[in-house]
DNA sequence: ACACTCAATGCTTACATGGTTATATGTTTT
DNA sequence: AAAACATATAACCATGTAAGCATTGAGTGT
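Protein chains in written order, with the working numbering: chain A, 1 to 110; chain B, 1 to 110.
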């Protein structure tokens with residue numbers, strides 16, 4: 001990170017994190033990691049309502065995190081910003097590490 | 001990321017991102033990157049009110065992102081989860097990349 | 001004990017956001 | 001053109017949360 005950080009920059013970064021701060025959106029993105037999916041497929045996979053999925057997809061698209069392709073009646077969505085998975089992996093790794101630390105501490109006690 | 005993702009796991013990941021989704025908290029963390037700082041120092045550096053800073057520090061601490069050390073009258077805070085900077089760097093890099101892409105596209109047009 | 005300083009804690013307000021329901025738009029099929 | 005299907009949008013409600021303000025709590029020095 002830089003030495004100084006402008007307000008706009010901070011706002012942009014925060015915004016990106018905010019997009020990733022919702023379980024349902026994470027679920028959608030997780031599904032898209034396997035490849036392009038239609039709205040209906042995402043509805044089935046996530047268990048959310050169709051309007052809910054559509055709205056999330058809309059906000060994700062507005063911010064460039066997913067792409068949309070229309071084919072006939074259906075809309076196919078796919079990942080639009082690969083950085084997502086780098087970020088998620090980093091977070092998952094950190095959680096795994098912390099979990100292991102706690103586990104090993106428990107091992108020392110027991 | 002794994003093939004399947006439990007609800008609790010998604011909630012935990014989302015929670016971490018939520019912590020990073022606020023500009024003021026990012027500002028605080030950014031300040032702490034340079035090293036341990038007291039609340040007063042953070043108040044001065046961020047321009048926020050003291051209660052506001054304290055509250056953010058409290059939530060960050062609750063989730064293990066910062067550590068607290070008391071010395072006499074003052075409380076010194078420091079980064080408690082190094083993964084933060086990996087994540088932030090990934091996001092910053094992605095934004096830089098996208099910016100460069102847009103810039104080069106503009107170059108092609110102009 | 002008192003005053004002073006640093007930090008934390010309610011309390012309230014204002015605003016953003018996620019979810020639901022109902023409806024609209026758009027496309028294919030009959 | 002009418003019905004059926006896929007997706008998007010609008011209106012609404014409930015909840016969460018960030019910021020401000022006043023206050024309390026905790027430590028230090030007189």
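Ideal Cβ positions, reconstructed from N, Cα and C, are used throughout, including at glycine.
One finds 87, 90, 91 in chain A with Cβ atoms closer than 7 angstroms to the Cβ of residue 87 (chain B), taken in chain order. Ranked by Cα distance from residue 46 (chain A), the options A:23, A:61, A:60, A:88 are led by A:23. Not one beta carbon of chain B lies nearer than 8 angstroms to the beta carbon of residue 51 (chain A). Residue environment: residue 96 (chain A) is assigned as exposed (fewer than 16 neighbouring CB atoms within 10 Å of its CB, all protein chains considered). For residue 70 (chain A), the closest C-alpha among the options A:11, A:39, A:52 is that of A:39. Unbroken beta strand (DSSP E) stretches of 3 residues or longer found wholly inside the region 38-108 of chain A: 66-71, 74-79, given in chain order. Neighbours of residue 68 (chain B) in chain A, taken as residues at a C-beta separation under 7 angstroms, are lacking, since the least C-beta distance is about 18 angstroms. Just so you know, the alpha carbons of residue 64 (chain A) and residue 81 (chain A) end up roughly 7 angstroms apart.
Minimum Cα-Cα distance from residue 75 (chain A) among the listed residues A:83, A:88, A:58, A:90 corresponds to A:58.
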